[in-house]
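Enquirer: Going by numbering that gives the first Met the number 0, the residue at position 105 of the sequence shown is 104; the numbering climbs one at a time, nothing skipped.
Note that CB positions come from ideal geometry on N, CA and C, so glycine has one too.
Note that this is a predicted model, so its numbers are computed, not measured.
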Amino acid sequence: MFTSQGQYLSLHDSDGKILGVFIDSELWNRCKQDILPILKKAAAPEPVIPQPEPMRDWESLLEYWDFTYPPSYELSCEQCGASTSDWRADEPRKFWLTAANLGGLTAFQCLSCQARIIKRHFKKHASVECRPFIEKE
């Protein structure tokens, strides 16, 4: 494969986009101590730090609650099946409050699959919608 020692070979697709790099064993043995920490760091996903929950907005919704039914803390994710009887009390948390307003709209993120659960509170009923997570490019 290699014509001389200390070589590397980069592979490209038909559009010229790099697919990977092959390094001969001698070159790898000389540089792996320097390269491995860089590769491990690059391959590790960055931790997702969620925004603080808008608990003041949630508390305002509860304070001015005038719907004909009591507040429900039950949530479930149609995408991955995660569920809870009280999203506030789970340890570790399964759902994260992302939005709440006085109009009765609440939104949550499933911490298992990142799906968005939207609860719309109307005067006599609530509707729940679960949207799958779509990664932005």
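#1: In the DSSP assignment, the alpha helix (DSSP H) including residue 59 goes from what residue to what residue?
#2: Is the beta carbon of residue 8 within less than 8 angstroms of some heavy atom of the ligand NAP?
#3: Closest to residue 22 by C-alpha separation, out of 15, 31, 16 and 14, would be which residue?
#4: Pull up the DSSP beta-bridge partners for residue 21, would you.
#5: Inspect the beta-carbon positions of residue 60 and residue 110 and report whether they are closer than 9 angstroms.
#6: How big is the Cα-Cα spacing for residue 99 and residue 107?
#7: Just to confirm, is the Cβ distance from residue 133 to residue 76 under 9 angstroms?
#8: Using three-state DSSP, classify residue 34 as helix, strand or coil.
#9: Select from 118, 81, 112 and 7 the residue whose C-alpha is nearest the C-alpha of residue 27.
Expert: From the atom records:
#1: 54-62
#2: Among the components modelled here there is no ligand, and therefore nothing to report on the ligand NAP.
#3: 31
#4: 8
#5: no
#6: 9 angstroms
#7: no
#8: helix
#9: 7
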